[in-house]
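So the protein sequences, as listed, match chains A and B. Following UniProt numbering, the numbering of the first sequence begins with 1 at its first residue and continues without gaps. Following UniProt numbering, the numbering of the second sequence begins with 1 at its first residue and continues without gaps. Below is one structure; the comments refer to it alone.
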Amino acid sequence: MTILRVNQISKTYRAQQKNIQALNAVSLSIGKKEFVSVIGPSGCGKSTLLNIIAGIERPDQGDILYMDQSVTGKTGLFGYMPQNDVLMPWRTVLDNVILGLELKGVPKGEARQNAEHYLESFGLIGFQHKYPGSLSGGMRQRANFLRTVLPEHPLLLLDEPFGKLDAITRRHMQKWLMKRWEELQVPVLLITHDIDEALFLSDRIYMMSSRPGSIKKMITVPFDRPRNSEIEYSLTFMELKREITGLLL
Amino acid sequence: MKRFANIGSLKWISRWFNGLLPVSVVLMALVVWEISVYLFKVPAWILPAPTKVFVTLIQDGPLIMYHSLTTIKESVTGLLLATGTAVTLAVVMDSSRWVRKAFYPLLITSQTIPIIALAPLFLIWFGYGMLPKVLIVALVCFFPIAVNVSDGFREVNPEMMKLMKANGAKGRHIFWKVKLPSSLPFFFSGMRIAATYSVMGAVIGEWLGGSRGLGIQLVRAAQSYRTDLLFAVIVVIVLLSLLVFFIVEMLSRVMMPWNNQS
Ligand SMILES: Nc1ncnc2c1ncn2[C@@H]1O[C@H](COP(=O)(O)OP(=O)(O)OP(=O)(O)O)[C@@H](O)[C@H]1O
Ligand SMILES: [Mg+2]
Numbered sequence: 001m002t003i004l005r006v007n008q009i010s011k012t013y014r015a016q017q018k019n020i021q022a023l024n025a026v027s028l029s030i031g032k033k034e035f036v037s038v039i040g041p042s043g044c045g046k047s048t049l050l051n052i053i054a055g056i057e058r059p060d061q062g063d064i065l066y067m068d069q070s071v072t073g074k075t076g077l078f079g080y081m082p083q084n085d086v087l088m089p090w091r092t093v094l095d096n097v098i099l100g101l102e103l104k105g106v107p108k109g110e111a112r113q114n115a116e117h118y119l120e121s122f123g124l125i126g127f128q129h130k131y132p133g134s135l136s137g138g139m140r141q142r143a144n145f146l147r148t149v150l151p152e153h154p155l156l157l158l159d160e161p162f163g164k165l166d167a168i169t170r171r172h173m174q175k176w177l178m179k180r181w182e183e184l185q186v187p188v189l190l191i192t193h194d195i196d197e198a199l200f201l202s203d204r205i206y207m208m209s210s211r212p213g214s215i216k217k218m219i220t221v222p223f224d225r226p227r228n229s230e231i232e233y234s235l236t237f238m239e240l241k242r243e244i245t246g247l248l249l
Numbered sequence: 001m002k003r004f005a006n007i008g009s010l011k012w013i014s015r016w017f018n019g020l021l022p023v024s025v026v027l028m029a030l031v032v033w034e035i036s037v038y039l040f041k042v043p044a045w046i047l048p049a050p051t052k053v054f055v056t057l058i059q060d061g062p063l064i065m066y067h068s069l070t071t072i073k074e075s076v077t078g079l080l081l082a083t084g085t086a087v088t089l090a091v092v093m094d095s096s097r098w099v100r101k102a103f104y105p106l107l108i109t110s111q112t113i114p115i116i117a118l119a120p121l122f123l124i125w126f127g128y129g130m131l132p133k134v135l136i137v138a139l140v141c142f143f144p145i146a147v148n149v150s151d152g153f154r155e156v157n158p159e160m161m162k163l164m165k166a167n168g169a170k171g172r173h174i175f176w177k178v179k180l181p182s183s184l185p186f187f188f189s190g191m192r193i194a195a196t197y198s199v200m201g202a203v204i205g206e207w208l209g210g211s212r213g214l215g216i217q218l219v220r221a222a223q224s225y226r227t228d229l230l231f232a233v234i235v236v237i238v239l240l241s242l243l244v245f246f247i248v249e250m251l252s253r254v255m256m257p258w259n260n261q262s
């Protein structure tokens, strides 16, 4: 069953001198409990697409349908994790992760109590009363992710959550995200430019062309769940990787 | 472990050293001053020796204190008044692009009006009491706070704004949860400048007329060639300015605890 449908989205930015077309008739869909990735070269409009789904930017053409209803330009519906980690330096880790709940109108005390349950599995225990300035990159992203998850939105939009982490931490975080996702049972739209990451985590992958971004191809990833990192050494993985690499380059 | 301990104590020593450096320079200058005054037999009404100034500071202490209280009252009231109006104006300017466009140039221009010319005007309008002095202090302190806070509101992390909007935040949420806290460092850099100006503003106001305050005492000391008293009052003005600065500094640590955690 499809819960989100992106329908023929086009977007052009009007800069002073010239117009930049970021997206050209992009369509995709996300099913209930599905993990979908969008992969594409830098600057192809991936963040723009995510911002449009999140409702903070408006498309020139096309619309966003959630449960067959238009939600184009509507905010507050989905969990959104921006490309750069934005923890507020003036809030403790605990108060940062409850931001989404707070904005939904949940009283602070209740929100904090709710968040406490997740600290363990998000590897943040002992750091909840610290300011984010003292966290490592991996921890910061886990806190960012917890903030995205807590309000229990029906869909999570993640913009290159591990893009800035070192290779080893990224690997850990991918496995960790897989576990969390299997527990949470919530559909995810993940933006990435890491082919291994997309193959390891996703049920389906949309490949975007360079600017103006359009969907080049959709690939279904056949591995069963729960997955482990062994799949990365399988022939299917290699073949899919070759196919995607060929299409993106 | 041992190496760490050594580095720790080294840091501690260097911090003390950094603090002692300016103090020792001042002490040295005072010694040279003291010796020169005796050596060249400079008359006290031209340049009193530091020890003489110190004695005056003690002897005339009660009187200096009496005048200081007025100056402190004016400085603090003026600074608070400036803070209130400056923050209000910054918030109003932030509420719409047009208001900002209308007010920002005026704000900059207002700073070019010479205070020394305005002060007598204030005396004519508001008499010789505390009010004109408070207004002068407020005028001097207003600008650095208003400009800093206003700039602070504009320097908000755009990704943070995206995050807030994506979560369905309204304007007031964005203001209270993002703009206000993220402009605090800007507010305090404005406050630090304003704090050092505040006592000086009050003294300039008093200088032009009135019956109480360090500015008055400066004028009287000069008129009666009490150069030692003049120096004593200057010392007090410097100390008061530093005190106001220190209070602002403490306040900034209390209000921005996230800056202290290493
Ligand atoms: N607000 C804007 N105004 C003008 N141009 C913009 C704006 N936002 C994005 N663009 C342009 O649109 C194009 C797509 O940007 P976008 O951030 O969506 O790319 P991206 O695929 O997310 O890139 P990256 O992988 O580097 O994050 C880029 O060329 C960018 O310069
Ligand atoms: Mg991007």
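Cβ atoms here follow ideal geometry from the backbone N, Cα and C, with glycine treated the same way.
Distances taken from the Cβ of histidine 117/A to the heavy atoms of ligand 1 include none shorter than 7 Å. Across the structure, glutamine 113/A and histidine 153/A are spaced so that their CA atoms are roughly 18 Å apart. Between isoleucine 247/B and glycine 190/B, the C-beta spacing is not below 8 Å. Between the region 188-202 of chain B and the region 128-146 of chain B there are three or more inter-stretch CB-CB distances shorter than 8 Å, so the stretches are counted as touching. Minimum Cα-Cα distance from leucine 230/B among the listed residues Leu47/B, Gly127/B, Gly78/B and Ser110/B corresponds to Leu47/B. Where glutamine 21/A is concerned, the enclosing beta strand (DSSP E) starts and stops at 19-31.
For the region 99-123 of chain A, residues whose beta-carbon sits nearer than 9 Å to a beta-carbon of chain B comprise Leu99, Gly100, Glu102, Leu103 and Lys104. With its beta carbon less than 8 Å from one in chain A, lysine 162/B belongs to the interface. Taking CB atoms only, glycine 152/B has no neighbour in chain A less than 8 Å away. Residues of the region 162-190 of chain B with a Cβ closer than 8 Å to any Cβ of chain A, in chain order: Lys162, Leu163, Met164, Lys165, Ala166, Asn167, Gly168, Ala169, His173, Lys177, Val178, Pro181, Ser182 and Leu184.
In the three-state reduction of the DSSP assignment, glutamine 8/A falls in the strand class, which pools E and B.
Per DSSP, the unbroken beta strand (DSSP E) holding glycine 62/A starts and ends at 61-66. DSSP lists Ile20/A as the beta-bridge partner residues of tyrosine 13/A.
Going by C-alpha positions, valine 91/B is about 33 Å away from alanine 115/A. With respect to the 8 Å criterion, methionine 208/A and serine 214/A are classified as neighbours on the basis of their beta carbons. The beta carbon of threonine 220/A sits closer than 6 Å to the beta carbons of Arg204 from its chain, once the five residues preceding and following it are set aside; these are given in chain order.
With the rule of 3 Cβ pairs closer than 8 Å, the region 81-100 of chain B does not count as touching the region 122-131 of chain B.
Of the candidates Gly163/A, Val38/A, Leu156/A and Tyr118/A, the residue whose Cα lies closest to the Cα of alanine 143/A is Tyr118/A. When secondary structure is reduced to three states using DSSP, isoleucine 244/A falls in the helix class. Residues lining ligand 2 by the Cβ criterion, that is a Cβ closer than 7 Å to any of its heavy atoms, are Lys46/A, Ser47/A, Gln83/A, Asp159/A, Glu160/A and Ile191/A in chain order.
Nearest neighbour of threonine 12/A by Cα position, chosen from Pro41/A, Ile125/A and Thr48/A, turns out to be Thr48/A. Within the DSSP secondary-structure output, glycine 79/A pairs in a beta bridge with Leu156/A.
Taking the Cβ of alanine 111/A as the reference point, every heavy atom of ligand 1 lies at 7 Å or farther away.
For aspartate 224/A, the closest C-alpha among the options Met218/A, Lys216/A, Ser234/A and Asp85/A is that of Ser234/A.
Sequence-distant partners of glycine 171/B (beyond 5 residues in either direction) whose C-beta falls short of 6 Å from its own C-beta are missing from its chain. For tyrosine 206/A, the enclosing beta strand (DSSP E) covers residues 204-208. The Cβ neighbour count for glycine 79/A, taken over all protein chains shown within 10 Å, is at least 16; the residue is labelled buried.
Cβ-Cβ separation between threonine 70/B and glycine 205/B: approximately 11 Å, too far for a contact (criterion under 8 Å). Residue range 158-166 is occupied by the alpha helix (DSSP H) that includes lysine 162/B.
Counting only Cβ-Cβ distances below 7 Å, proline 89/A has contacts in chain B at Trp258, in chain order. Relative to ligand 1, tyrosine 13/A has its C-beta within less than 7 Å of a heavy atom. Around serine 27/A, the same chain offers Val6, Asn7, Gln8 and Ile215 as residues with beta carbons nearer than 7 Å, after the five sequence neighbours per side are excluded. Taking 7 Å as the cut-off, the C-beta of serine 37/A does not count as close to any heavy atom of ligand 1. Sequence-distant partners of serine 241/B (beyond 5 residues in either direction) whose C-beta falls short of 8 Å from its own C-beta, in its chain, are Ala195, Thr196, Ser198, Val199 and Met200. About 18 Å separates the Cβ atoms of valine 188/A and leucine 165/A, ruling out a contact at the 8 Å cut-off. Isoleucine 115/B and threonine 77/B have their C-alpha atoms roughly 18 Å apart.
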